[in-house]
Amino acid sequence: MEPKFFNIPVCVGDVTLRVARGHFATRHSHTNYFIDVTHQQSCLQGAEAVAQQLGQRLEANNTMVDTILCMDGTRVIGTCLARRLTQGGYLSVNAGKEIYLLRENVSSNGRLIFRDNARPMLKGKNILLLLASVTTGTTVEKGIRCVEYYGGNVSGIASIYSHVKEVRGIPVMSLFNTDDLPDYASYAPQDCPLCRKGVEVDAVVDNFGYSKL
Numbered sequence: 061m062e063p064k065f066f067n068i069p070v071c072v073g074d075v076t077l078r079v080a081r082g083h084f085a086t087r088h089s090h091t092n093y094f095i096d097v098t099h100q101q102s103c104l105q106g107a108e109a110v111a112q113q114l115g116q117r118l119e120a121n122n123t124m125v126d127t128i129l130c131m132d133g134t135r136v137i138g139t140c141l142a143r144r145l146t147q148g149g150y151l152s153v154n155a156g157k158e159i160y161l162l163r164e165n166v167s168s169n170g171r172l173i174f175r176d177n178a179r180p181m182l183k184g185k186n187i188l189l190l191l192a193s194v195t196t197g198t199t200v201e202k203g204i205r206c207v208e209y210y211g212g213n214v215s216g217i218a219s220i221y222s223h224v225k226e227v228r229g230i231p232v233m234s235l236f237n238t239d240d241l242p243d244y245a246s247y248a249p250q251d252c253p254l255c256r257k258g259v260e261v262d263a264v265v266d267n268f269g270y271s272k273l
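So, in structure tokens, the structure goes:
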């Protein structure tokens, strides 16, 4: 059955959050909501709205950004965000800088890797991890380990929605969180109460969206 989507009754600037309630399986967890960020990932207007709000928060925190590592298909948002940060006012710590954009490159064993030509964009740089949503923090942790391996420093974590407030002591800067979706729940697959009740999985979810079952 097709998931029934609706917008939660909270807006952040021009950004809305579209969700569907049900039983969804990700690579690392089972959740009772699917966070649909297709519009923000794929539409320039939606991406710019997210970049505007995240940019304001990054500037307010004086977050240094040399490189944006775009995960979860956030390359369009990352492009808009880099432009927003480099064109900020005179108080922006990133104004007038050159910001690099990298997208995740996953090896056959599931690890993030970068080729030699991309390494100068990581080594000694302040890296912003940009994600569509953060559920368990596993993907963020993978990004942090990758950046550290290549000699970079994670200066911030930003996302549209986050179920966690921090990963490895680094705050997750998100536009929406569990305060906006208080009944959102995430479970390890073996501990999922929906599975124990015999509730069928509605769809399998990954970085590119969902596939209904």
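In the working numbering, the protein residues as written are 61 to 273.
Backbone N, C-alpha and C fix where the C-beta goes; we use that ideal spot for every residue, glycine too.
Given the structure is predicted, the values throughout are model-derived calculations rather than measurements.
- The shortest CA-to-CA distance from V224 to any of E208, L254, S193, P69 is the one to S193.
- Annotated as proximal: R135 and R163, with beta-carbon spacing under 8 Å.
- Excluding five sequence positions before and after R228, the CB atoms of its chain that fall closer than 7 Å to its own CB belong to E201, I204, given in chain order.
- Annotation: the continuous beta strand (DSSP E) that includes K272 extends over 269-272.
- Taking 8 Å as the upper bound for CB-CB distance, Q113 and A107 are not in contact here, some 11 Å apart.
- Per DSSP, the unbroken alpha helix (DSSP H) holding S102 starts and ends at 98-102.
- Within the same chain, I159, Y160, L161, L162, M181, L182, K185, N186, I187, L188, G212 come within 8 Å of T127 by CB-CB distance, once the 5 residues on both sides are set aside.
- With contacts defined by Cβ atoms closer than 8 Å, S102 and S246 do not form a contacting pair.
- DSSP places A85 within a strand segment (E or B) once states are collapsed to three.
- For Y221, the three-state secondary structure derived from DSSP is strand.
- S167 and R175 have their C-alpha atoms roughly 11 Å apart.
- The beta-carbon distance between L235 and V79, rounded to whole angstroms, is 13 Å. This is too long to meet the 8 Å contact definition.
- In this structure, L191 places its C-beta atom within 8 Å of the C-beta atom of M131.
- Residue environment analysis places L104 among the exposed positions, since fewer than 16 neighbouring C-beta atoms fall within 10 angstroms of its C-beta.
- Contact between L145 and S152 is confirmed by a C-beta separation of about 7 Å, below the 8 Å threshold.
- Taking T76 as the centre and dropping the five residues before and after it, the same chain places the C-beta of N67 closer than 6 Å to its C-beta, in chain order.
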